[in-house]
Amino acid sequence: MTPIPEDARPADPKWAVAYLELANGMVMAGAKARLITRFTDVSLNRVRELYRALRGVDPPSGPLMQGKAGFFTRPGKHNSEAWNIQSAIFLACYDRMGKITGQPLHRGWQLLASFTVYLSFTERQHTEMRIKRLDINQAYALLSHARFLSPSAGGDMQRKECPSCRLSYPVAPADPLDTQKCPLCAINSNLNHLTRQGLARAASIASQKSSK
Ligand SMILES: [Zn+2]
């Protein structure tokens, strides 16, 4: 996949093939039709045709943005600390991908390239531990909340670095910051708590046996 620079236009014949590659790649990743159109200028009808030709299905329906910033930043009824970590991993991939060339990249290209890296990076967690991953439309929503990580743009999501494990995880500035704890440390402290409980239980069983 040729990196598309930020200033390359889809109408420029020099970049036509790269944009078609991007559209095909986004179809294979399951992006919503509007998202593909926004980033490639390929028409909605053409995107629908690409979906049918490449995958034999219609593009996924529903609105482009889904979920408020809090959907990615705090554990709730439908998500967990592990989900917050997935958001942190994807944002780190996007961040890193932005530095592969000396010049700013096209956002759609950077989205697809970093999403591909994110998928391979989390493959084992997903297959062995059944950890739920972001899909590309959620990754886009996450980036929009974070204003594509441009610090000057504000946005209803920012990142905070954990002082103990150094994970940079997304937080919503609208919510109290001290309640948005590091998800990785939260998982570890849960594990420690469970281990301590298990050890205490084993010890009490052992002492019951020895007192009999
Ligand atoms: Zn931490």
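Each residue of the sequence shown is one higher than the one before, starting from 43 at the first, in my numbering.
Note that CB positions come from ideal geometry on N, CA and C, so glycine has one too.
Asked, Found
"Contact between the stretch 151-164 and the stretch 209-216 (3+ Cβ pairs under 8 Å)", "no"
"Element boundaries [beta strand (DSSP E), containing Arg175]", "Here Arg175 belongs to no beta strand (DSSP E), and DSSP marks it neither H nor E."
"Any 3 or more C-beta pairs closer than 8 Å across the stretch 91-110 and the stretch 135-148", "no"
"Spatial distance of Leu77 from Ser103 (CA atoms)", "11 Å"
"Collapsed DSSP secondary structure at Lys56 in the structure displayed", "helix"
"Rounded C-alpha distance that separates Ala297 from Leu236", "Since the first residue of the chain shown is 43 and the last is 254, residue 297 is not available in this structure."
"Alpha helix (DSSP H) runs contained entirely in the stretch 176-224, provided each spans 4 or more residues", "178-187"
"The alpha helix (DSSP H) enclosing Val84, as first and last residue numbers", "Careful: Val84 lies outside any alpha helix (DSSP H) and carries neither H nor E."
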